[in-house]
Amino acid sequence: MSVVDRQEWDVVVVGAGGAGLRAAIEARERGARTAVICKSLFGKAHTVMAEGGIAAAMGNANPHDNWQVHFRDTMRGGKFLNQWRMAELHAREAPDRVWELETWGALFDRTQDGKISQRNFGGHEYARLAHVGDRTGLELIRTLQQKIVALQQEDKEETGDYESRLKVFQECTVTRILKDTASDSGSAAGRVSGVFAYERESGRFFVLEAPAVVIATGGIGKSFKVTSNSWEYTGDGHALALLAGAPLLNMEFVQFHPTGMVWPPSVKGILVTESVRGDGGVLMNSDGKRFMFDYVPDVFKEKYAETEAEADRWYDDPEHNRRPPELLPRDEVARAINAEVKAGRGSPHGGVFLDVSTRMPAEVVRRRLPSMYHQFKELADVDITAEAMEVGPTCHYVMGGVAVDSDTAAARGVTGLYAAGEVAGGMHGSNRLGGNSLSDLLVFGRRAGLHAAQYAMGLPERPRVDEVQVDTAAAEALRPFSAEGPAPGEDIGEGGRPPENPYALHQELQQTMNDLVGIIRRESEMQQALKKLAELRVRARRAGVEGHRQYNPGWHLALDLRNMLLVSECVARAALERTESRGGHTREDFPSMDRAWRRINLLCRLTDPTGGLAATDPVRGQIALTRETTEPVRPDLLALFEKEELVKYLAEEELYE
Ligand code: FAD
1 MSVVDRQEWD VVVVGAGGAG LRAAIEARER GARTAVICKS LFGKAHTVMA
51 EGGIAAAMGN ANPHDNWQVH FRDTMRGGKF LNQWRMAELH AREAPDRVWE
101 LETWGALFDR TQDGKISQRN FGGHEYARLA HVGDRTGLEL IRTLQQKIVA
151 LQQEDKEETG DYESRLKVFQ ECTVTRILKD TASDSGSAAG RVSGVFAYER
201 ESGRFFVLEA PAVVIATGGI GKSFKVTSNS WEYTGDGHAL ALLAGAPLLN
251 MEFVQFHPTG MVWPPSVKGI LVTESVRGDG GVLMNSDGKR FMFDYVPDVF
301 KEKYAETEAE ADRWYDDPEH NRRPPELLPR DEVARAINAE VKAGRGSPHG
351 GVFLDVSTRM PAEVVRRRLP SMYHQFKELA DVDITAEAME VGPTCHYVMG
401 GVAVDSDTAA ARGVTGLYAA GEVAGGMHGS NRLGGNSLSD LLVFGRRAGL
451 HAAQYAMGLP ERPRVDEVQV DTAAAEALRP FSAEGPAPGE DIGEGGRPPE
501 NPYALHQELQ QTMNDLVGII RRESEMQQAL KKLAELRVRA RRAGVEGHRQ
551 YNPGWHLALD LRNMLLVSEC VARAALERTE SRGGHTREDF PSMDRAWRRI
601 NLLCRLTDPT GGLAATDPVR GQIALTRETT EPVRPDLLAL FEKEELVKYL
651 AEEELYE
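Here is the structure:
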């Protein structure tokens, strides 16, 4: 049996991006002893990479902006599949969360009259993104970290120990949520009792015992070959929740950001921020045509300019002109780029052109888009003040995620489990608007921390950690060191086979998801993907590594494969089930949005409810899919829309109701 260190906390937050840090601050401020645990260095999370800004209806750029307009834009962007109560809370609370950041020391760019500056982004009716150049996420994380240090200093004054009430465990990976299934929890799946984790550098195992766990682990992009996501984003939190017994919601909705770098190959997928278009950049094909005017769908026709002249006037006079179609929601722009490339009108390296060089003076480009200027200069030897960029879609964000209660961020079905940020589902419906993630992290990070703390502090007795689960988690984590021979139930003939290489498996998985469950989906290809995933799952059980537990990235990847395979199966199964096109889910065989599907959420659960993986059937897979009717939108929120618009989205019976 392995040595496993223990510590006791009230709340454990898994993930130190914006959602995790905001949750931890709230939990600690409510009096809960809080531990934060993150896979990479403290401060190195996707949040830090966010460029464009935080969407919040503060009305600084346009006094007509308010939470109702933001709510409407978010629902339209998500094609009305959003968990509407989340969209409401988000729109109402985002401004307070931004002002709060300012009181904690964040330095936003200012307007001429000294207010927080707000910039344009796709799908937002008014300029709404509070920003710091194109490095907004960096300032957000810096501010939250500073707040954490300030709280730790307070604790040192009182207790003599900086880490007595708020401690960060960096470069540690959680592999299992532990549960107390014995005591009466009121929940079929039991209640949370802590997490099992390993330290990446030493390979040391440890358990953080806690009655409440907040999952804030971000996205799943590393399951796809072309992605803006970095190495940590292997869908761990999604998988941890599934394994703990919580369902995942609408996993078919994966956002392909329209503008990733396409050249050189080593940087393919790296993000080109939407601010480039928000600040005036235009998309062109190889004929030099601004093609987005040909791709405005009916539901958006009234809101977007029909001519280049009107689109260009909008930047200076948004009151009297309609916005340029380059600022349509991301799913529309990504599909349009895909269609242009497919029609043979792409750029030399398989993208299209994005130009700011003819739209603004070089010095303005360097001031407003400093990161983009350096990114292209250093990585592609392209001077964006003098020539166009080449861009194409890249897997960026997952709208699907842990099914949560809108108000409390509590995960469904597992008492004591909470989820916030990108890992949580519902808020963005079928497609997220740019800038709505950073605000989502702050609004629901805070709510998750608050409710986790209240729950943990209100318990009469702490849940018990089940030693069998700890031993099983340790054995599971060690398996790659002794991975030989067939997986259970696998017939490999005589002689056996050598262990599988985790890197090779990962590449095959990424290629499969990219080619078969990517931006445009077809039934036959998704069937093929599910077969391939089943094969990879069997092979992944034999993923083997050499060496020892001290810093061993191959071992870490072997463990991450379990998560990526689980999440990929959810995406493929849900995408196959939803026979319509909506937001981040495009079916070539069902190209239109179908109003009847607006009422349907797809939930993925593990077929083996004990959370063990050995017993799953390789052919049937690990995931069971169920349909659930969405909750009707509250009438006062529906009243914010014109009836003619609702007709485009709502099912017949909903309109009648
Ligand atoms: P993250 O910030 O992704 O943090 C996740 C944390 O979980 C990390 O600390 C990670 O180490 C940890 N973790 C993961 N797995 C484990 C595990 N098993 N054990 C322990 N820890 C774990 N959104 C906007 O609104 N505006 C923008 O301008 C914008 N620009 C973007 C630019 C880029 C390049 C990218 C990639 C994304 C951008 N987004 C933007 C999206 C946004 O940044 C993310 O959706 C958001 O930051 C996610 O935040 P989070 O707190 O949910 O998770």
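full-length UniProt numbering puts the first residue of the sequence shown at 1, with every later residue one more than the last. All C-beta atoms in this analysis are idealised placements derived from N, C-alpha and C, irrespective of residue type, glycine included.
Distance cut-off 6 Å: residue i Cβ against heavy atoms of the ligand FAD
i           : result
Lys147      : no
Cys395      : no
His46       : yes
Lys648      : no
Gly78       : no
Ile25       : no
Asp236      : yes
Val213      : no
Gly18       : yes
Glu51       : yes
Ile37       : yes
residue 709 : Residue 709 is absent from the structure shown; the chain starts at 1 and stops at 657.
Ala216      : yes
Arg40       : A quick correction: the sequence has Ser, not Arg, at residue 40. Ser40 Cβ: within cutoff of the ligand FAD.
Leu271      : yes
Ser228      : yes
Bridge-paired residues (DSSP) for residue i
i           : result
Trp172      : For clarity, residue 172 is Cys in the given sequence; the question names Trp instead. Answer by DSSP bridge pairing, in chain order: Glu199.
residue 658 : Limits of the chain in this structure are 1 at one end and 657 at the other, which puts residue 658 out of reach.
residue 660 : In the structure as shown, the chain starts at 1 and stops at 657, and residue 660 therefore has no counterpart that could be examined.
Asn601      : Glu628
Val282      : Asp355
Met389      : Leu354
Gly400      : In DSSP, Gly400 forms no bridge with anything.
Arg582      : His585
Arg323      : Tyr304
Leu249      : Gly401, Leu603
Val254      : Val398
Arg521      : Arg587
DSSP three-state assignment for residue i, whether helix, strand or coil
i      : result
Ala614 : Here Ala614 scores only 44 on pLDDT, less than 50, and its place in the model should not be relied on; the value that follows carries that caveat. Note: Ala614 maps to coil in three-state DSSP.
Glu302 : helix
Lys167 : strand
Cys38  : coil
Gln622 : coil
Tyr418 : strand
Glu500 : strand
Met75  : helix
Gly260 : strand
Ala130 : strand
Val14  : strand
Ile141 : helix
Gln112 : coil
Gln118 : strand
Thr394 : strand
Buried/exposed call for residue i, threshold 16 Cβ in 10 Å
i      : result
Ala614 : Any answer about Ala614 is weak, because its pLDDT of 44 lies below 50 and its placement is not dependable; what the coordinates show is given next. With fewer than 16 other Cβ atoms within 10 Å, it is exposed.
Gly621 : buried
Arg368 : buried
Val3   : exposed
Val214 : buried
Arg634 : exposed
Leu655 : exposed
Glu332 : buried
Trp231 : exposed
Asp294 : exposed
Glu233 : Note that residue 233 is Tyr in the sequence shown, not Glu. With 16 or more Cβ atoms within 10 Å of its Cβ, Tyr233 is classed as buried.
Val414 : buried
Any chain B beta carbon closer than 7 Å to residue i
i      : result
Ala305 : Absent here is chain B; the protein component of the structure consists of one chain.
Distance cut-off 6 Å: residue i Cβ against heavy atoms of the ligand NAP
i      : result
Leu559 : Among the ligands present in this structure, namely the ligand FAD, the ligand NAP is not found.
When the Cβ atoms of the region 462-474 are set against those of the region 419-427, are three or more pairs found closer than 8 Å? no
Three or more C-beta pairs closer than 8 Å, one from the region 244-251 and one from the region 59-74: is that the case here? no
Under 8 Å, with one C-beta from each stretch per pair, do the region 356-364 and the region 191-199 reach the 3-pair mark? no
Any chance the region 158-167 sits against the region 211-227, with 3 or more Cβ pairs inside 8 Å? no
Give a yes or no on contact between the region 407-422 and the region 36-45, applying the rule of three or more CB pairs nearer than 8 Å. Segments in contact, no.
Taking one C-beta from the region 380-388 and one from the region 496-507 each time, how about it: are there three or more such pairs within less than 8 Å? no
Whether or not the region 49-69 and the region 121-130 are in contact is what I'm after, with contact meaning three or more pairs of Cβ atoms, one per stretch, closer than 8 Å; do they touch? yes
Counting Cβ pairs closer than 8 Å, one from the region 267-282 and one from the region 48-62, do we hit at least three? yes
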